[in-house]
Each structure stands twice: as structure tokens, then as C-alpha cells.
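Residue numbers (my numbering): 1452 to 1696.
And the structure:
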């Protein structure tokens, strides 16, 4: 009986050794190539004003395939992007799904461990300018105007909204839901020739008044949306408002 048990143990051990010997060792290094840069407003020379997740850099690695699957690099609120976990290789790159006119692909970018910087220039659909806040007791009024860098064939302007947050991250992806309702939106639904002149200057100042709470600090901005494929927002800068107790 003991001989039978020992034989079984030896068989199991031999099978285990055989299985391990057949396994391939993964000798690939972890991805460590680096890329960084900015999305720049071509009309101002400044970084685009965006919110987290509003826009991406679409990339295609061409080193091993003629029809690669696209990847996306996230763009931060300040208009910069940074990724340190790519495979070294040759990539095509394109700013994608933001509130700006379509732009050209940048081809054959070499990305390696030493790092590469690639900046992109884009033209926003609209600028939200002259953004102001006025606090009167527990009522906060936000106001702005619009400018259009390019007026010809500009998509229909859909709406303007206020965005309020309890931290410095503020926009369509980071806001207090209470204010993100039809009650506080400014409906537009017009083409630019009804809103501004051919030079891109808007005719009107838009304002909305919101109830706020005593003792709270708010980060505020306004955004405008046009009727394009992605329905993302062009934003004003962010202003911090402290409501007295």
C-alpha cells in the first residue's frame, strides 16, 4: 500500500515539473516610455480651459501594426497631459473630442524612455469672456459674454450653464448637481449670426442668479455648449467665492 502511495506522489511531482518546464517566462519590460505636452488655444497662446475628462489625446502605435487600436491620453484641467506608462515606439497623435474645431493628426512621433514633449494647437469653438461674480447676501450672480474665434460654419450654440463646485475641480464632470438643472441654464439654440457679429464679438451679456449657503466656499465658472458631435464645453476661468457666515 505504501509503495502505491509513493508511486502516486512521484507521478504528481513529475507532472508538476513537466508543466513548469513548459511554461514560457515573460521577459517583456513594463511600459516606461514617456510623453507630455499641452493643448494650446491657438488664438490666445494659452492652455485650453477644460475640465477633467473633457478632452483626450488619441494615439495609435504604429510599430507593430498597420491598423492599430487607438488609445486615449487624459488631459488635465490646466490643459496639460502626461503619461509615463507607454511602450516605446512610433505613434500618430490627435487631440480628440474637445470643444474645438477638428485639427490635423501629428504623424510618426517617436516616444521612448527619455521622454518626448508634443504640444498641440487647437481653435476653440467659443471663448467665455468677461466672466464676473457678484455676491448679494445669499444670492450669487454669474455673468459672461461670448466670443467666436471662427464664425463661419460655427455649429449652433445650444446653451450656457453655471458650474459650481466645493473644490477647485469645477466643470461638467465636477459640479454640485443642484445647480445643474434646467432652472439655471440659459437656453440659446441659435446660430452665431443671431448672437454676434462677423468679427466674433457677441452682442449680449448673459447672467444667472443662484442661491448659495452662508459659510460655504464655492469655485465657480460658466460654460457654453455647441451642437457638435461630442457636446463638450468651452469654459471661463474659475473664480473662488467665499460666502460669509
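Cβ atoms here follow ideal geometry from the backbone N, Cα and C, with glycine treated the same way.
Looking only at its chain, what residues have a beta carbon closer than 6 Å to the beta carbon of residue i, apart from the 5 residues adjacent to it on each side?
i            : result
residue 1540 : 1512, 1514
residue 1769 : Past the edges of the chain, shown from 1452 to 1696, lies residue 1769, and the structure says nothing about it.
residue 1660 : 1590, 1592
residue 1580 : 1596, 1598
residue 1568 : 1487, 1488
residue 1535 : 1485
residue 1605 : 1599, 1643
residue 1583 : 1594
Name the DSSP beta bridge partners of residue i, please?
i            : result
residue 1536 : BP columns for residue 1536 are empty, so no partner.
residue 1595 : 1657
residue 1512 : 1542
residue 1522 : 1510
residue 1692 : 1669
residue 1491 : 1498, 1572
residue 1641 : 1608
residue 1686 : 1674
residue 1614 : 1672
residue 1662 : 1590
residue 1647 : 1653
residue 1486 : 1534, 1567
residue 1625 : 1622
If we count the other Cβ atoms within 10 Å of its Cβ and call it buried at 16 or more, is residue i buried or exposed?
i            : result
residue 1654 : exposed
residue 1650 : exposed
residue 1506 : buried
residue 1629 : exposed
residue 1497 : exposed
residue 1686 : buried
residue 1695 : exposed
residue 1525 : exposed
residue 1676 : buried
residue 1617 : exposed
residue 1613 : buried
residue 1521 : exposed
residue 1587 : exposed
residue 1566 : exposed
residue 1502 : buried
residue 1546 : buried
residue 1523 : exposed
residue 1518 : exposed
residue 1674 : buried
residue 1638 : exposed
residue 1683 : buried
Can you name, in chain order, every residue of its own chain whose Cβ lies under 8 Å from the Cβ of residue i, other than the five neighbours on each side?
i            : result
residue 1494 : 1574, 1575, 1578, 1600
residue 1491 : 1497, 1498, 1499, 1530, 1570, 1571, 1572, 1573
residue 1656 : 1581, 1594, 1595, 1596
residue 1641 : 1607, 1608
residue 1543 : 1510, 1511, 1513, 1556, 1557, 1558, 1559, 1560
What residues in its chain sit with their C-beta under 7 Å from that of residue i, if we drop five residues either side in the sequence?
i            : result
residue 1658 : 1592, 1593, 1594
residue 1652 : 1598
residue 1626 : 1614, 1615, 1616
For chain D, check one thing: does any of its Cβ atoms lie closer than 9 Å to the Cβ of residue i?
i            : result
residue 1546 : Among the chains of the structure shown, chain D does not appear; only one protein chain is present.
Could you tell me which uninterrupted beta strand (DSSP E) segments, each at least 3 residues in length, are contained entirely in the region 1545 to 1590, listed from first to last along the chain? 1557 to 1562, 1571 to 1573, 1578 to 1587
Would you call the region 1658 to 1667 and the region 1526 to 1533 in contact, with 3 or more CB pairs under 8 Å? no
Whether or not the region 1600 to 1612 and the region 1480 to 1491 are in contact is what I'm after, with contact meaning three or more pairs of Cβ atoms, one per stretch, closer than 8 Å; do they touch? no
Closer than 8 Å is the cut-off here; do at least three beta carbon pairs connect the region 1630 to 1644 with the region 1551 to 1568? no
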